[in-house]
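This report refers to the structure that appears directly beneath it.
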Amino acid sequence: MRTLRVIGIGTGDPEHLTLQAVQALADVDVVFVLDKGADTDDLVALRSTICARHIRDDYRLVVAQDPPRERRPADYAATVEAWHAARADLLGGLIAANLGAGEVGAFLVWGDPALYDSTLRILERILARDAGAFAYTVIPGISSVQMLAAAHRIPLNRIGGAVHITTGRAIADGLPEGVGSVVVMLDADPRFDHLDPDLTIHWGAYLGSPDQLLIAGRLGTVGPEIRLQRAAARSRHGWIMDVYLLQAP
-17 MRTLRVIGIG
-7 TGDPEHLTLQ
3 AVQALADVDV
13 VFVLDKGADT
23 DDLVALRSTI
33 CARHIRDDYR
43 LVVAQDPPRE
53 RRPADYAATV
63 EAWHAARADL
73 LGGLIAANLG
83 AGEVGAFLVW
93 GDPALYDSTL
103 RILERILARD
113 AGAFAYTVIP
123 GISSVQMLAA
133 AHRIPLNRIG
143 GAVHITTGRA
153 IADGLPEGVG
163 SVVVMLDADP
173 RFDHLDPDLT
183 IHWGAYLGSP
193 DQLLIAGRLG
203 TVGPEIRLQR
213 AAARSRHGWI
223 MDVYLLQAP
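Below is the structure:
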């Protein structure tokens, strides 16, 4: 039986790996990586650093180009569905061709595999077509949400209050009612001008890495600075991973 491990690796610092993740990496034979292009070479390099540090024996690195998808589709759900199908076709073939019986493969996932990552859905798609293709386990990791709170030295929730985790797309028409703390992920173009300027924002990018950026304050005051810093950082690196917390005053 082929075995896969989906391992959360944190947000940019090799020290983010948990002891469980280090142990899970130790005897891996094959690491699978989807490359998102030349602008993200440093992301692949970080995975390679983690593997070199924690995998005891020789291992094989299998890198493939991630299938493209439209970033501003008219039908978001249909576009993501097609993208997931393409990913499942690609990864199913890679696993079958590169992971032998009795071997252990790994996917190194940014943050935590349970939070806004498609790897688990892709693997379930593959198993739906071939239930005996492999067995897999999931190793949790430090998420960007946790890192944001730690970097700013704040609790995520108000006393006795709820925390709502969502996406930039989901708050296009405003924040959900009755929730005092909203964590926003996957916001490709944060504008903020449709939100209450008196909200408090804690924003972070490249969390845990040497390039970490942090800004906090009244949204109406620091929002423009966040947009400027974000655009400049994306231009420098070719990519950006950021997250922010919005709280009612």
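One point on numbering: in the working numbering, the residue at position 17 of the sequence shown is -1, and numbering is uninterrupted.
No residue lacks a Cβ here, since even glycine has one placed at the ideal position from N, Cα and C.
Please read all numbers here as calculations on a predicted model, not as lab measurements.
Pairwise C-beta distances place the stretch -4 to 11 in contact with the stretch 34 to 48, as three or more of them are shorter than 8 Å. Val13 and Ala88 do touch by the CB rule: their CB atoms are close to 5 Å apart, below 8 Å. Below 8 Å, too few C-beta pairs join the stretch 138 to 146 and the stretch 96 to 113 to call them touching: fewer than three.
Taking all protein chains shown into account, His184 has 16 or more neighbouring C-beta atoms within 10 Å of its C-beta and is therefore buried. Inclusion of Gly156 and Pro172 in the CB contact set at 8 Å is not warranted, their separation being larger than that value. The beta carbons of Gly202 and Asp180 sit about 7 Å from each other, so the pair counts as a contact at 8 Å. DSSP places His146 in the uninterrupted beta strand (DSSP E) bounded by 145 to 149. Annotated three-state conformation of Tyr98 is coil, per DSSP. Ile153 has its alpha-carbon roughly 19 Å from the corresponding atom of Ala198. Secondary structure at Met129: helix, using DSSP grouped into helix, strand and coil.
Looking at the backbone, the Cα of Arg209 and that of Ser100 are separated by about 27 Å. In the DSSP assignment, the residues bridged to Ile121 are Ile(-11).
In this structure the stretch 126 to 136 touches the stretch 222 to 231; the number of beta carbon pairs closer than 8 Å is three or more. Within the stretch 46 to 105, the runs of beta strand (DSSP E) at least 3 residues long that lie entirely inside it are, in chain order, 86 to 91. When secondary structure is reduced to three states using DSSP, Ile183 falls in the strand class. In the DSSP annotation of this structure, the continuous segment of the beta strand (DSSP E) that includes Val15 starts and ends at 12 to 17. Burial is judged here by how many other beta carbons sit within 10 angstroms of a residue's own beta carbon; Met167 has at least 16 and is buried. Beyond the five residues adjoining it in sequence on each side, Val165 comes within less than 6 Å, by CB distance, of Val127, Ile147, Leu227 in the same chain, given in chain order. Distance from the CA of Ile121 to the CA of Ala8, rounded to the nearest whole angstrom, comes to 13 Å. Separation of Ile77 and Arg69 (C-alpha to C-alpha, rounded to the nearest whole angstrom) is 12 Å.
A Cβ-Cβ distance of about 6 Å is found for the pair Ala215 and Leu195, placing them in contact under the 8 Å criterion. Between the C-alpha atoms of Asp94 and Arg(-13) there is a straight-line separation of about 13 Å.
When rounded, the separation of the alpha-carbon atoms in Ala117 and Thr0 is 22 Å. For Ala6, the number of other beta carbons within 10 angstroms of its own is at least 16, and it is reported as buried. With a threshold of 16 other beta carbon atoms within 10 Å, Gly74 meets it and is buried.
Per DSSP, reduced to three states, the secondary structure at Ser163 is strand.
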